[in-house]
Amino acid sequence: MLLDCSQQLTFVDPQAAICWSANLQPQIKSSFKMGSLIGRGSGESFQLAFHGPGFVVVQPSEGQPVVASS
Numbered sequence: 089m090l091l092d093c094s095q096q097l098t099f100v101d102p103q104a105a106i107c108w109s110a111n112l113q114p115q116i117k118s119s120f121k122m123g124s125l126i127g128r129g130s131g132e133s134f135q136l137a138f139h140g141p142g143f144v145v146v147q148p149s150e151g152q153p154v155v156a157s158s
């Protein structure tokens, strides 16, 4: 999946990011929520932030593909 970073700040999961334009400078953003301490976290705690003229390529899923059985 190709994401355009030129219009707004774009956040991606570091494990999903494949490559990005050479002129983009990724920044690491972290978030901590109290729900993470009791197993109710929702989302990644670290993300890469991109902004500027360029693109980021991400894989749509970290999981194994599901093969339908017939």
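Adding 88 to a residue's 1-based position in the sequence shown gives its number in my numbering. Ideal Cβ positions, reconstructed from N, Cα and C, are used throughout, including at glycine.
Suppose contacts are defined by Cβ-Cβ distances below 7 Å. Is residue i in contact with residue j by that definition?
i	j	result
residue 97	residue 140	no
residue 114	residue 143	no
Taking buried to mean at least 16 other C-beta atoms within 10 Å of its own C-beta, is residue i buried or exposed?
i	result
residue 135	buried
residue 100	buried
Quick one: what's got a C-beta closer than 8 Å to residue i's C-beta in the same chain, skipping five residues either side?
i	result
residue 145	89, 90, 91, 105, 106, 107, 108
What are the residues that DSSP puts in a beta bridge with residue i?
i	result
residue 107	145
residue 92	143
residue 118	134
residue 100	136
Residue i: which of the options sits nearest, CA to CA?
i	options	result
residue 147	103, 155, 156, 133	103
For residue i, which residues from the same chain have a beta carbon less than 6 Å from its beta carbon, with the 5 sequence-adjacent residues on both sides left out?
i	result
residue 117	135, 137
If I measure Cβ to Cβ from residue i and keep anything under 7 Å in the same chain, skipping five residues before and after, which residues do I get?
i	result
residue 93	112, 138, 139, 140, 142, 143, 144
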